[in-house]
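Single-structure report; data block below.
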Amino acid sequence: ANFVGTLHVFRDVTMERGFQARLKTIAYTDQLTGLYTRRYLYENVKPNMSSDSISLLYIDLDNFKLINDSYGHHFGDKILKKTGKLLQTLCPDDICVRMGGDEFLIAIIGQTSIEELTEKANGIIRSLKNHFPGTALLQPLSVSIGIANMPGGSNVKLDELLRKSDMALYQAKNCGKQQCVVYTLDLENLLKFNP
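Residue numbers (the numbering used here): 78 to 272.
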C-alpha cells in the first residue's frame, strides 16, 4: 500500500454552540413578556431544591378573561407585557416566570421569612393597582397571590411546592381577590373539607 498522506478534518463548533445557546434561550424565555418559562423553572430551579430554601409567590391577574373578552387579545397582551416588566422591576433578584395565560410565578432562592414574603406580595399588589388604575369602563386591574415556602434540606418536590402556592392562591381568590394568602396546613384541611 502506498502511503499518500493524512487528512485532518477540523470542525468549527462555535456556530453550532451559539445556535444551541439560542435555542435554549428561546425555550427558556416567554416570547410575549420576556420572563422565564415553566420549562426554565423545572430545569434550573428543581435541581437546587434539596439544598436551598425556596419560596414561591403564585400570581394570578383578577378578572383577566373579562378584559380579554371586552377589549380583545391585543389589549390583553399589552397588559401581560406590562405586568411582566413590572414584576422584573419589583423582583430583580428573583426568578420571574410566566406560567401561562395570566399566571405568573416569583421564585425566591434563599432564606426568606413569611413576613418578608407577605410584604413583597403586598408590594406587588399595590404596584399593579397603581400601574393599572382603571377607567370608567375598565375596572382597576388587581392580582391575587398565593405564598408557599420550603426551608433548605426538606426535600419537598417542586410540584408539591407549586401545589401549595396554587392552593393559597385559590384561597386568596375565594376571599375576595386582590390579596395574598400564605399556605398553611390549616388551609390544606379547610380546602379538603370545603372543596
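Note that beta-carbon positions come from the ideal geometry of N, C-alpha and C, so glycine has one too.
According to DSSP, which residues form a beta bridge with residue i?
{"i": "C168", "result": "Looking at the DSSP assignment, C168 forms no beta bridge with any residue, so it has no partner."}
{"i": "I131", "result": "I186, M227"}
{"i": "G177", "result": "E180"}
{"i": "Y113", "result": "T106, V174"}
{"i": "L138", "result": "V220"}
Comparing alpha-carbon positions, which option in the options lies nearest residue i?
{"i": "D238", "options": "A198, D139, S132", "result": "The identity of residue 238 in the sequence shown is Leu, whereas the question assumes Asp. When each option's Cα is compared against that of L238, the closest is S132."}
{"i": "F181", "options": "S147, G200, N251, S221", "result": "S221"}
{"i": "T261", "options": "K254, K234, I191, N251", "result": "I191"}
{"i": "E120", "options": "L157, K254, V174", "result": "V174"}
{"i": "L194", "options": "L264, T110, L167, G177", "result": "L167"}
Below 8 Å on the Cβ atoms is my guess for residue i versus residue j; work out the distance and round it to an integer in Å.
{"i": "L138", "j": "K197", "result": "The Cβ separation is near 17 Å, so there is no contact."}
{"i": "A249", "j": "G223", "result": "6 Å"}
Does the ligand MG have even one heavy atom less than 8 Å from the beta-carbon of residue i?
{"i": "G161", "result": "Among the components of this structure there are no ligands whatsoever, and the ligand MG is therefore not found."}
Please list the terminal residues of the continuous beta strand (DSSP E) segment that includes residue i.
{"i": "V258", "result": "257-259"}
How far does the alpha helix (DSSP H) with residue i in it extend, from its first residue to its last?
{"i": "N145", "result": "141-148"}
Which parts of the stretch 185-251 are runs of the alpha helix (DSSP H), unbroken and 4 residues or longer, counting only runs that do not cross its ends? DSSP runs (the alpha helix (DSSP H)) wholly in the stretch 185-251: 191-208, 235-251.
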